[in-house]
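The structure under discussion appears below in the form of structure tokens.
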Amino acid sequence: DQQVKQNSPSLSVQEGRISILNCDYTNSMFDYFLWYKKYPAEGPTFLISISSIKDKNEDGRFTVFLNKSAKHLSLHIVPSQPGDSAVYFCAATTQGGSEKLVFGKGMKLTVNP
Amino acid sequence: DAGITQSPRHKVTETGTPVTLRCHQTENHRYMYWYRQDPGHGLRLIHYSYGVKDTDKGEVSDGYSVSRSKTEDFLLTLESATSSQTSVYFCAISEDRVAGGPTGELFFGEGSRLTVL
Chain A
21 DQQVKQNSPS LSVQEGRISI LNCDYTNSMF DYFLWYKKYP AEGPTFLISI SSIKDKNEDG
81 RFTVFLNKSA KHLSLHIVPS QPGDSAVYFC AATTQGGSEK LVFGKGMKLT VNP
Chain B
-3 DAGITQSPRH KVTETGTPVT LRCHQTENHR YMYWYRQDPG HGLRLIHYSY GVKDTDKGEV
57 SDGYSVSRSK TEDFLLTLES ATSSQTSVYF CAISEDRVAG GPTGELFFGE GSRLTVL
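The listed protein sequences correspond, in order, to chains A and B. In this note's numbering, each residue carries its 1-based index in the first sequence increased by 20. Just so it is clear: in the second sequence, position 92 is 88 by this note's numbering, and no numbers are missing.
In structure tokens form, the structure reads like this:
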């Protein structure tokens, strides 16, 4: 059973517009959520995170929103740039000591010039 | 960039042969992980380590073993490779939180692409 779901495999947006990447989770014990970005032939890199005590975390052009009641989080990229084209993974864990980060299947974002 | 290197970066082998992938870190982090990435599956945890000689299974550990005899090295072994183990393997490390346990923020290596014919 998939605990972290990224239901859309791909998204294409125009440069300068907003990109919204969605993620749903089923395990109510998750209390820490992360987004990773991956370019081809490279390892994933950490992008942004949010704790369940917050509903929003912002870092430059990247904002993550968390809706605990809906078990849903989203990553907003504004404005989108061609260099943002990559695969984005949503991940979740419990901060209470779990060593296991659970990843979604990933979403490929393409930002067109 | 976190000091983490994987070797080999590419390997082609035949079914039934043993394969060992090496992950080396220079950060002195306690936590190390092996993931595999496959189309339609994202990143799945194979095994992880929380210290020298301390390891545990992830969600797809069957057919894999690991060893950690030094803080800096984490080895992944396929005792008898199968075609279903063709994948890209990523090693990752994580810092400790002040309160103990990993932060959840992983630093990944560049990956090892394994093809089993």
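Here a beta-carbon is modelled for each residue, glycine too, at the ideal position from N, C-alpha and C. Keep in mind that this is a model prediction, so the values were computed, not measured.
*chain A beta carbons: is any one of them nearer than 8 Å to that of residue 100 of chain B?*
So, interface residue.
_Give me the subset of the stretch 37 to 50 of chain B whose CB atoms are less than 8 Å from a CB atom of chain A, sorted by chain position._
Residues passing the 8 Å Cβ filter: 37, 38, 39, 40, 41, 44, 46.
_Which listed residue (A:121, A:126, A:78) has its alpha carbon closest to that of residue 100 of chain B_ = By alpha-carbon distance to residue 100 of chain B, the top candidate from A:121, A:126, A:78 is A:121.
*Apart from the five residues on each side of it in sequence, which residues of its chain come closer than 8 Å, Cβ to Cβ, to residue 76 of chain A?*
Apart from sequence neighbours up to five positions away, the residues of its chain that approach residue 76 of chain A with a beta-carbon distance below 8 Å are 70, 83, 84, 85, 86, ordered along the chain.
*Range of the contiguous beta strand (DSSP E) that encloses residue 156 of chain A*: Coverage of chain A is limited to positions 21 through 133, which leaves residue 156 of chain A absent and any answer about it impossible.
_Every unbroken beta strand (DSSP E) within the stretch 25 to 67 of chain A, with a cutoff of 3 residues, ordered by chain_ = Complete beta strand (DSSP E) runs here, min 3: 30 to 34, 39 to 45, 52 to 58.
*Taking residue 52 of chain A as the query, report the chain B residues whose CB atoms sit under 8 Å from its CB, ordered along the chain.*
The answer, in chain order, is 100.
*In angstroms, rounded to a whole number, what distance separates the CA positions of residue 62 of chain B and residue 43 of chain B?*
The straight-line gap separating the alpha-carbon atoms of residue 62 of chain B and residue 43 of chain B is approximately 7 Å.
*Contact list for the stretch 69 to 81 of chain B against chain A, Cβ threshold 9 Å*: From the stretch 69 to 81 of chain B, no residue has a Cβ closer than 9 Å to chain A.
*What are the boundary residues of the beta strand (DSSP E) that includes residue 27 of chain B?*
Counting along the chain, the beta strand (DSSP E) containing residue 27 of chain B begins and ends at 27 to 34.
_Spatially closest choice to residue 64 of chain B from B:111, B:11, B:25, B:113, by CA coordinates_ = Ranked by Cα distance from residue 64 of chain B, the options B:111, B:11, B:25, B:113 are led by B:25.
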